[in-house]
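Below you'll find the structure, written out as structure tokens, and then a few comments.
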Amino acid sequence: MAGLTHDSCTQLLELPIHPNSPPEQVRTPLHLAVLSDQENYGYRVARLLLQGNADINVTDSQQRTPLVYACLLNRSKLVTLFLRTKSIDWNIIDHDGYLVLHHAASSSHTSILADIIHEMKSIGLSVDCKTELNYTPLILAIKSFRFDNAVYLLDHTDASPFVIDDEHHFTCQQWAQHVGPKLNERTYYYPRQSSTLKRNKSLDKK
Numbered sequence: 029m030a031g032l033t034h035d036s037c038t039q040l041l042e043l044p045i046h047p048n049s050p051p052e053q054v055r056t057p058l059h060l061a062v063l064s065d066q067e068n069y070g071y072r073v074a075r076l077l078l079q080g081n082a083d084i085n086v087t088d089s090q091q092r093t094p095l096v097y098a099c100l101l102n103r104s105k106l107v108t109l110f111l112r113t114k115s116i117d118w119n120i121i122d123h124d125g126y127l128v129l130h131h132a133a134s135s136s137h138t139s140i141l142a143d144i145i146h147e148m149k150s151i152g153l154s155v156d157c158k159t160e161l162n163y164t165p166l167i168l169a170i171k172s173f174r175f176d177n178a179v180y181l182l183d184h185t186d187a188s189p190f191v192i193d194d195e196h197h198f199t200c201q202q203w204a205q206h207v208g209p210k211l212n213e214r215t216y217y218y219p220r221q222s223s224t225l226k227r228n229k230s231l232d233k234k
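Structure follows, in structure tokens:
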């Protein structure tokens, strides 16, 4: 479903509907605000919907919340807005078996991942959450060519570099070696001298 245009956002706010009403049982107005083709206007609509008690944890047919779409679309202002509610349900799993942190790990904005991690750490949640195929956010960051996100996870969290996924049976280091040659083909290549990933030793437990 396409995102909201400026006119449709305006019409939405003028309608006498509940902010959690799902159109055609697919996506709520808050989902559509995130998907707006005009990010700043979508942000303003989302803020108004939250003021009208819109459910921040409502899911669509893919079991994805507005926060998940904000991560997928790299909408950093919306991510910040949603995190500010302090009402995120971090246990919601979408139809792909992903938590919001798994999606944030693939974001092209490391600041989004950092904000998500900061909020999770503040309430004592682990960043080594796994999908059904045992993918961690660290592995997904590398698998998605987001070496900057992988380095952030290694430098700022206790993400384990030793987890092995159940699909290809790779560790994060093996994934780095696997995708490394392909990085030069990507327009958002994160410049590094090699594909070797190293943890900030100050985070290692003695």
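Sequential numbering from 29 applies to the sequence shown in this note's numbering. Note that the Cβ used here is the ideal one computed from N, Cα and C, for glycine as well.
Query	Result
Please report the residue range of the alpha helix (DSSP H) in which Thr-93 lies.	Element bounds for Thr-93: n/a, residue is neither H nor E.
Which residue comes first and which comes last in the alpha helix (DSSP H) that contains Asp-143?	138 to 150
Take the Cβ of Thr-185 as the centre, count every other Cβ of all protein chains shown within 10 Å, and call the residue buried at 16 or more, exposed below.	buried
Taking C-beta to C-beta, are Gln-248 and Ile-120 nearer than 8 Å?	Any question about residue 248 goes unanswered here, given that the chain covers just 29 to 234.
Can you grab the Cα-Cα spacing for the pair Phe-198 / Ser-136, in whole Å?	23 Å
What separation, rounded to the nearest whole angstrom, lies between the Cα atoms of Phe-173 and Val-207?	7 Å
Under the assumption that Tyr-71 contacts Leu-106 (Cβ atoms under 8 Å), give the Cβ distance between them as a whole number of angstroms.	6 Å
Flag this pair as yes or no: are the beta carbons of Asp-27 and Thr-164 separated by less than 8 Å?	Absent from the structure is residue 27, since the part of the chain shown begins at 29 and ends at 234.
Please classify Ile-170: is it buried, with 16 or more other beta-carbons within 10 angstroms of its beta-carbon, or exposed?	buried
List the endpoints of the continuous alpha helix (DSSP H) containing Leu-127.	Unbroken run through Leu-127: none, as it is neither H nor E.
In whole angstroms, what separates the C-alpha of His-131 from that of Tyr-97?	9 Å
Mark Asp-193 as exposed unless 16 or more other C-beta atoms lie within 10 angstroms of its C-beta, in which case mark it buried.	buried
So the alpha helix (DSSP H) Tyr-180 belongs to, where does it begin and stop?	175 to 184
Under the assumption that Val-62 contacts Arg-103 (Cβ atoms under 8 Å), give the Cβ distance between them as a whole number of angstroms.	6 Å
Which residues in the same chain as Ser-139 place their Cβ atom closer than 8 Å to its Cβ, once the five residues preceding and following it in sequence are excluded?	Ser-104
Is DSSP giving Lys-158 helix, strand or coil here?	coil
Where Leu-286 and Asn-162 are concerned, what is the direct C-alpha to C-alpha distance, given to the nearest angstrom?	No answer is possible for residue 286: it lies beyond the span of the chain, which begins at 29 and ends at 234.
Throw me the rounded Cβ distance for the Thr-87 and Val-128 pair, which I believe falls under 8 Å.	At roughly 11 Å, the Cβ-Cβ gap does not stay under 8 Å, so Thr-87 and Val-128 are not in contact.
Out of Ser-89, Val-191 and Gln-202, which one is the CA nearest neighbour of Asp-124?	Ser-89
Hey, Cys-200 and Leu-166 are a contact pair by Cβ (cut 8 Å); roughly how many whole angstroms apart?	5 Å
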